[in-house]
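Structure first, commentary second.
Right, dumping it as structure tokens:
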């Protein structure tokens, strides 16, 4: 009888050791995962690729980089959702940026300019589909003091709410140079 109770204690101890190891591994994985997410959201990481130098130089000339309030929106503020699920989707889909960096698709200013319209259009479509979710993490119609805006801005912002417009409908090119629409796209506007 004592042999079977010892076997039960040994099994229980093994189970507890395994449970502690799995729990510890989960904590370690979660910590490393969060460090990875955080480090890939840093502007230094985003602009470390040669192909990102073009839009980084443009961004440094905008109000999102340097302004009277001293608040700076970084790459991830505009391009990475805050909510966990959409953030993970964005991070997984960012593989295309790595692939294009490796392939050299946009590694010169000329190549970058050749692809600028398509890249911008994809970002604008994503922003439109999410109701400019990333913009709204800083800018909110309900928190705007319209009385301090110019007459034109006040009219457009109050009208945007009524018309169901989102930030990107009017503010394309706010952080990067807005590309000219290619000729083949302007012919199809009927």
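In the numbering used here, the protein residues as written are 24 to 213.
The beta-carbon is built from N, C-alpha and C at its ideal position, and this holds for glycine as well.
Contact check, residue i vs residue j, beta carbons under 7 Å
i	j	result
residue 147	residue 202	no
residue 124	residue 74	yes
residue 191	residue 151	yes
residue 77	residue 119	no
8 Å contact criterion, which residue i and residue j should meet: CB distance rounded
i	j	result
residue 154	residue 189	5 Å
residue 63	residue 114	7 Å
residue 102	residue 157	7 Å
Same chain, Cβ closer than 8 Å to residue i, neighbours up to 5 away in sequence not counted
i	result
residue 160	100 and 105
residue 172	180
residue 59	none
residue 195	143, 147 and 201
residue 95	87, 88 and 89
residue 110	60, 103 and 104
residue 165	none
residue 205	140
Local conformation of residue i per DSSP, three classes
i	result
residue 49	helix
residue 37	helix
residue 124	helix
residue 117	coil
residue 57	helix
residue 105	coil
residue 32	helix
residue 65	coil
Same chain, Cβ closer than 7 Å to residue i, five either side skipped, listed in chain order
i	result
residue 129	74, 123, 135 and 138
Contacting residues, own chain, Cβ-Cβ under 6 Å from residue i (five flanking each side not counted)
i	result
residue 85	198
residue 19	Residue numbering for the chain in the displayed model covers 24 to 213; residue 19 lies beyond these limits and cannot be assessed.
Residue i Cβ short of 6 Å to the ligand SAH heavy atom set
i	result
residue 139	The ligand SAH is not part of the structure shown, which contains no ligands of any sort.
Exercise for review: Kindly provide the ranges of any beta strand (DSSP E) runs that are 3 or more residues long and lie completely inside the stretch 129-213, ordered along the chain.
Suggested key: Runs of beta strand (DSSP E) with 3 or more residues, each lying fully within the stretch 129-213, are absent.
Exercise for review: Return the chain-ordered ranges of every alpha helix (DSSP H) run that is complete within the stretch 71-103 and spans a minimum of 4 residues.
Suggested key: 76-82 and 98-102
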